[in-house]
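As they're listed, the protein sequences go chains A and B.
Following the working numbering, the numbering of the first sequence begins with 332 at its first residue and continues without gaps.
Following the working numbering, the numbering of the second sequence begins with 1398 at its first residue and continues without gaps.
Worksheet: one structure, shown below.
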Amino acid sequence: MIQWGFNINQPRAINLDKNDRLVADRILEQMPELEACIACGSCTATCTAGNLTSFNFRKVHTLVRRGEYKGAYEEMNKCMLCGKCRLVCPRGINTRGVVLLIKQELGDY
Amino acid sequence: MSHKVIVVGGGIAGMQTALSLAERGIQPLLLEKSERIGGKLTGWHQLFPSFTPASEVLGDLSARLKDSGAEVRTNSEVRKIDKQGVELTDGTSLEADAVVVCSGFDLFNARLKEEYGYGIYPNVYTSADLEAMFNENRVLTAEGKKPQRIALLHCVGSRDEKVGQRHCSRVCCITGVKQAIELKKLYPTADIYNFYMDIRMFGPGYEEMYRQAQQEYGIHFVRGRISEASETIDHRVQIKAEDTLVGRPLKMTVDMLILLIGMKPGESNRRFAENSAIKLAPSNFVQPHDSFLHNVCSEAPNIFYAGTVTAPKNVGESLNEAITAADRVAQYLSARQ
Ligand SMILES: Cc1cc2nc3c(=O)[nH]c(=O)nc-3n(C[C@H](O)[C@H](O)[C@H](O)COP(=O)(O)OP(=O)(O)OC[C@H]3O[C@@H](n4cnc5c(N)ncnc54)[C@H](O)[C@@H]3O)c2cc1C
Ligand code: SF4
Ligand code: SF4
Ligand code: SF4
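What follows is the structure, encoded as structure tokens:
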């Protein structure tokens, strides 16, 4: 097929009318403190994986909380479960547990 | 010897000033422009951070004021403040040895932010409207339905050059958190989103309340300012923002949009400032002599300030200033003798 250099972009907006929050709510039910994240970025700053790859733990879990699950499981696979993020989180969130929880809930998404 | 001190404005700051003066044996005259005292608190339901009914605070203060014998005159709007005393809008001049200005703040007119559709779309409300709805025990959409999805927008008419308000109104962040919790208590299955630019939790217990809102009440906080609101065919409100923490646009439809309106400088301030001893800050709030040892003082020895006339403040801060101002008045009067 001839490639004309044109394509159709998917809308980039997070559409909370369409997103299914079911999984997000299930995650938050099991770990309500994740909602207390103040987006300080300490976890990402200290993250072993994030310093070597494009992995941004804060951003991925924020997207999951908005019901944006696409790619989240694959992203979380970059985590090495070292637990450094948990040592720095000022809100005391079990961040390493968040990685495991998201992987568990989204495994077959 | 009884001195006469005029207190301008019968909000909580004016009430407390008059009360503290009377307790010191100084005869105050409290002048209030509307038909009743209490100021903005007469419109609030429960106060942050403890959910104490505003009526309880006002009731207690009113009763003590009444017992103190302080003279209160309602329907008396002060137009001018001069060396000898004050002049009312009906032309009456009243003499006083000292004047304490407690004329408070005005609420921002949300219609000026036309992009949010206040006064155009029936399901867009202000935080003050919501307080009234709580007081009437009727928080329903314009169609009389129970809201299942509510958004609260921070900084409406604050930190916004486009409406000439550069200052932060301080109390709206915590008001947004408080109202979100109250809404969630009323409708536990509702989804509640707060759209904020910065979260400013300046008072004791406020940060804790914010965390409680997040963790215990599951209120969602999205960092981003709603850029516009529009109405859907079924009178719901569609909003657009950027979820700045993930760098993507976000849109959603809500049953109610609550605008957390800011504090505007009181409209009397400009007229009061015709007196050269009363200075205005660039924000048009009244500028006290300094922010430290003379924070209730004007440039004249016998004109004082208390409460939100000088800047956005919460109830506790306004009351504390009233007591300080009364103390300064007493010092001034005794030094003069
Ligand atoms: C939406 C909202 C919710 C809030 N909720 C809380 C809360 O839960 N807890 C808390 O701590 N704080 C709260 N606040 C802040 C609180 O309202 C203020 O701290 C308080 O009202 C300040 O009292 P004041 O006496 O300085 O001013 P005001 O309440 O504005 O009173 C001023 C009085 O002066 C009168 N006046 C004005 N000009 C004249 C004139 N020229 N002559 C005579 N009289 C005049 C007015 O009619 C009014 O009665 C809230 C504020 C907002 C905007
Ligand atoms: S546990 Fe995972 S997310 Fe946390 S610092 Fe280690 S690699 Fe990063
Ligand atoms: S360290 Fe904790 S509070 Fe900070 S962004 Fe990460 S999860 Fe959120
Ligand atoms: S207190 Fe919060 S909502 Fe109010 S103006 Fe300041 S930052 Fe905005």
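Using N, Cα and C, we set each Cβ at its ideal position, and we do this for glycine too.
Inset, instruction - Locate the beta strand (DSSP E) running through Ala1638(B), then write down its first and last residues. - result: Val1634 to Asp1640
Inset, instruction - Check each residue of the segment 1645 to 1663 of chain B: if its Cβ is closer than 7 Å to any Cβ of chain A, include it; give the result in chain order. - result: Arg1645, Pro1646, Leu1647, Lys1648, Met1649 and Thr1650
Inset, instruction - Determine whether the Cβ of Asp1640(B) lies closer than 7 Å to any Cβ atom of chain A. - result: yes
Inset, instruction - Please confirm if Ile345(A) has its CB atom under 7 Å from at least one CB of chain B. - result: yes
Legend entry - Beta-carbon neighbours of Arg397(A), restricted to chain B and to distances below 7 Å: Asp1640
Inset, instruction - Compute the distance between the beta-carbons of Arg1645(B) and Arg343(A), then report whether it is under 7 Å. - result: yes
Inset, instruction - Locate the alpha helix (DSSP H) running through Val1651(B), then write down its first and last residues. - result: Where Val1651(B) is concerned, there is no enclosing alpha helix (DSSP H), although the beta strand (DSSP E) it sits in stretches over Arg1645 to Val1651.
Inset, instruction - Tell me whether Asp1724(B) sits in a helix, a strand or coil according to DSSP, three-state version. - result: helix
Legend entry - Helix, strand or coil at Gly423(A) according to DSSP, with G and I counted as helix: coil
Inset, instruction - For chain A, find out if any of its Cβ atoms is closer than 7 Å to the Cβ of Gln1611(B); answer yes or no. - result: yes
Legend entry - Minimum Cβ-Cβ distance from Val1634(B) to chain A less than 7 Å: no
Inset, instruction - With a threshold of 6 Å, establish whether the CB of Arg1622(B) neighbours any heavy atom of ligand 4. - result: no
Inset, instruction - Compute every distance between the C-beta of Ile1552(B) and the non-hydrogen atoms of ligand 4, then say whether any falls below 6 Å. - result: Strictly speaking, residue 1552(B) in this sequence is Cys, with Ile absent from that position. Answer for Cys1552(B): yes, Cβ within range of ligand 4.
Inset, instruction - For Arg1563(B), verify whether its CB is less than 6 Å away from any heavy atom of ligand 4. - result: no
Inset, instruction - May I ask you to report which of helix, strand or coil DSSP gives Arg1563(B)? - result: coil
Legend entry - Top-ranked residue by Cα proximity to Leu1647(B), from Ile1409(B), Glu1671(B) and Gly1621(B): Gly1621(B)
Inset, instruction - With hydrogens ignored, establish whether the beta-carbon of Ser1680(B) is closer than 6 Å to any heavy atom of ligand 4. - result: no
Legend entry - chain B contacts from the segment 333 to 364 of chain A (Cβ-Cβ distance under 7 Å): Arg343, Ala344, Ile345, Asn346, Leu347, Asp348, Leu359, Pro363 and Glu364
Legend entry - Three-state class that DSSP yields for Asp1557(B) in the structure shown: strand
Inset, instruction - Would you decide whether Glu364(A) is buried or exposed? Buried here means 16 or more other CB atoms lie within 10 Å of its CB. - result: buried
Inset, instruction - Note down the Cα distance separating Met1398(B) from Leu1462(B), rounded to an integer number of angstroms. - result: Note that Met1398(B) scores 40 on pLDDT, short of 50, meaning its location in the model is unreliable and no value can be drawn from it.
Inset, instruction - Identify the continuous alpha helix (DSSP H) that holds Ala1610(B) and give its terminal residues. - result: Tyr1603 to Gln1612
Legend entry - Residues of the segment 418 to 440 of chain A with Cβ closer than 9 Å to any Cβ of chain B, in chain order: Arg422
Inset, instruction - Please go through the same chain and pick out, in chain order, the residues whose beta-carbon is closer than 6 Å to the beta-carbon of Ala1722(B), but skip the five residues on each side of it. - result: Thr1414, Val1497, Val1693, Phe1701 and Ala1703
Inset, instruction - Could you confirm whether any beta carbon from chain A is found closer than 7 Å to the beta carbon of Arg1608(B)? - result: yes
Inset, instruction - Flag this pair as touching only if the segment 359 to 376 of chain A and the segment 1599 to 1614 of chain B have three or more C-beta atom pairs under 8 Å; answer yes or no. - result: yes
Inset, instruction - Return the chain-ordered list of same chain residues with a C-beta closer than 8 Å to the C-beta of Tyr1513(B), the five sequence neighbours on each side being excluded. - result: Ala1507, Val1521, Leu1550, Val1553, Ile1623, Glu1625, Ala1626, Leu1654 and Leu1656
Inset, instruction - Check whether the Cβ of Thr393(A) lies closer than 7 Å to any Cβ atom in chain B. - result: yes
Inset, instruction - Please confirm whether any heavy atom of ligand 1 lies closer than 6 Å to the CB of Asn1711(B). - result: yes
Inset, instruction - Decide yes or no for the touch test of the segment 1464 to 1480 of chain B against the segment 1415 to 1428 of chain B: beta carbon pairs closer than 8 Å, at least 3 of them. - result: yes
Inset, instruction - Tell me whether the beta-carbon of Ala1708(B) lies closer than 7 Å to the beta-carbon of Ala1674(B). - result: no
Legend entry - Buried/exposed call for Ala380(A), threshold 16 Cβ in 10 Å: buried
Inset, instruction - Give the interface partners of Glu441(A) over in chain B, defined as CB-CB distance under 7 Å, in chain order. - result: Absent from the structure is residue 441(A), since the part of chain A shown begins at 332 and ends at 440.
Inset, instruction - Rounded to whole angstroms, what's the CA-CA distance from Arg352(A) to Pro1601(B)? Just pull it up for me. - result: 34 Å
Legend entry - Rounded straight-line distance, which links the Cα of Thr1650(B) to that of Asp1631(B): 11 Å
Inset, instruction - Keeping to the same chain, check which residues put their C-beta closer than 8 Å to that of Leu1458(B); ignore five residues upstream and five downstream. - result: Ile1409, Met1412, Gln1413 and Leu1416
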